[in-house]
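Enquirer: Under this note's numbering, the first residue of the sequence shown is numbered 364, with each subsequent residue one higher.
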Amino acid sequence: DQRLVAALGAASGVAEEFRRLRTRILHPAAGTRPARTILVVSAAPGEGKTFVCAGLAISLAQGVEEHALAVDCDLRHPSLAAMFGLDNDQLGLADHLRDGVDLGRLIRKSGLDKLSVIPSGAPPANPAELLGSEKLAAMIREVAARYPDRYILIDSPPLQMAAETAILAGLVDGVVLVVRAGKSRRDDVGQLVETIGPDKIIGVVFNAYRSSPLERRLSGAYGGDYYYSRDQQR
Numbered sequence: 364d365q366r367l368v369a370a371l372g373a374a375s376g377v378a379e380e381f382r383r384l385r386t387r388i389l390h391p392a393a394g395t396r397p398a399r400t401i402l403v404v405s406a407a408p409g410e411g412k413t414f415v416c417a418g419l420a421i422s423l424a425q426g427v428e429e430h431a432l433a434v435d436c437d438l439r440h441p442s443l444a445a446m447f448g449l450d451n452d453q454l455g456l457a458d459h460l461r462d463g464v465d466l467g468r469l470i471r472k473s474g475l476d477k478l479s480v481i482p483s484g485a486p487p488a489n490p491a492e493l494l495g496s497e498k499l500a501a502m503i504r505e506v507a508a509r510y511p512d513r514y515i516l517i518d519s520p521p522l523q524m525a526a527e528t529a530i531l532a533g534l535v536d537g538v539v540l541v542v543r544a545g546k547s548r549r550d551d552v553g554q555l556v557e558t559i560g561p562d563k564i565i566g567v568v569f570n571a572y573r574s575s576p577l578e579r580r581l582s583g584a585y586g587g588d589y590y591y592s593r594d595q596q597r
């Protein structure tokens, strides 16, 4: 996706914000282990969660030692694979959950060093049943165990579209919440935080938000978990 490439150019402000979020993930508070499985979620569609998931995966893979695996769990409206120029018509997560296809057959090269992708596969007829099944929990455990050198980034369905998002949040180490400036409703975001649990949230990305220099200085000074990206809607 050319927009992704342009936005994440090494000198771009967006890339710098992703590096800040990466640092927060790799170096959490003292006594806390880094989250290895991370869910990226928003309250409603169109708030930019897929862009953030892809951008964070790229930023992690650009680290000195880190590898990343991005997984598209938005079986209703998948778009993560397209961010990396991949086709969802090939085998994907839905094939594993429905037919038991081995995970090793699903992993695709992203075109970037140290970053691979598991597409969703063709949209299934029963996404809620697949994402709400024990097979999903087993899949996340298997991926984490099979690829211990990788950070697992999971693109989740938005909470308003899928009740099973709450189940997904309970299966991962941490959650990155995406909030779109001027679009996300306060009540919806509050419900999402309540559903996930505030202790599970390791970062909040304000998408399409133009922060002032003062806000940026304060954010850095006080170590807040708030990050900013430009106008991306996926």
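Yeah, the Cβ is synthetic: ideal placement off N, Cα and C, and Gly gets one too. It should be emphasised that the depicted structure is a prediction, and the values quoted were computed from it without experimental measurement.
Counting only the same chain and skipping the five closest in sequence on each side, list residues whose C-beta sits under 7 Å from that of L423.
Expert: R385, E429, A431, Y514
Enquirer: Which same chain residues end up closer than 8 Å to H390 when comparing Cβ atoms and leaving out the 5 residues on each side of it in sequence?
Expert: P397
Enquirer: From what residue to what residue does the beta strand (DSSP E) around G566 run?
Expert: 564-570
Enquirer: If we call anything under 8 Å between Cβ atoms a contact, is D551 one with D437?
Expert: Not closer than 8 Å, so no.
Enquirer: Does DSSP put A433 in a helix, in a strand, or in coil?
Expert: strand
Enquirer: Which of the three DSSP states, helix, strand or coil, is assigned to P576?
Expert: Note that P576 has pLDDT 43, beneath the 50 cutoff, so the model's placement of it is unreliable and no number is given.
Enquirer: Look at the alpha carbon of L494 and the alpha carbon of I503, and state the distance between them as a whole number of angstroms.
Expert: 11 Å
Enquirer: According to DSSP, is D536 part of a helix, a strand, or is it coil?
Expert: coil
Enquirer: Helix, strand or coil for K477, going by three-state DSSP, please let me know.
Expert: In this structure, K477 counts as coil in the three-state DSSP scheme.
Enquirer: Between which two residues does the beta strand (DSSP E) carrying A405 extend?
Expert: Note on identity: in this sequence residue 405 is Ser, with Ala being the wrong assignment. Start and end: 400-405.
Enquirer: Report all residues from its chain with a CB closer than 7 Å to the CB of A507; omit the five preceding and five following residues, and keep chain order.
Expert: R399, T400, I515
Enquirer: By alpha-carbon positions, which one of E379, G533, L449, P486 ends up nearest to R471?
Expert: L449
Enquirer: Quick check: V404 and V538, are their CB atoms within less than 8 Å of each other?
Expert: The answer is yes: Cβ separation under 8 Å.
Enquirer: Let me check understanding here. Comparing Cα to Cα, which of M446, A392, I530 lies closest to G411?
Expert: Nearest C-alpha to G411: M446.
Enquirer: Decide if V415 is buried, meaning its Cβ has at least 16 other Cβ atoms within 10 Å, or exposed.
Expert: buried
Enquirer: Use the C-beta contact count for V542: other C-beta atoms within 10 angstroms, 16 or more gives buried, fewer gives exposed.
Expert: buried
Enquirer: CA-CA distance, L466 and H440?
Expert: One C-alpha to the other measures close to 21 Å.
Enquirer: Could you please give the first and the last residue of the uninterrupted beta strand (DSSP E) stretch that includes E516?
Expert: The sequence as given places Leu at residue 516; Glu does not occur at that position. First-last of the beta strand (DSSP E) with L516: 513-518.
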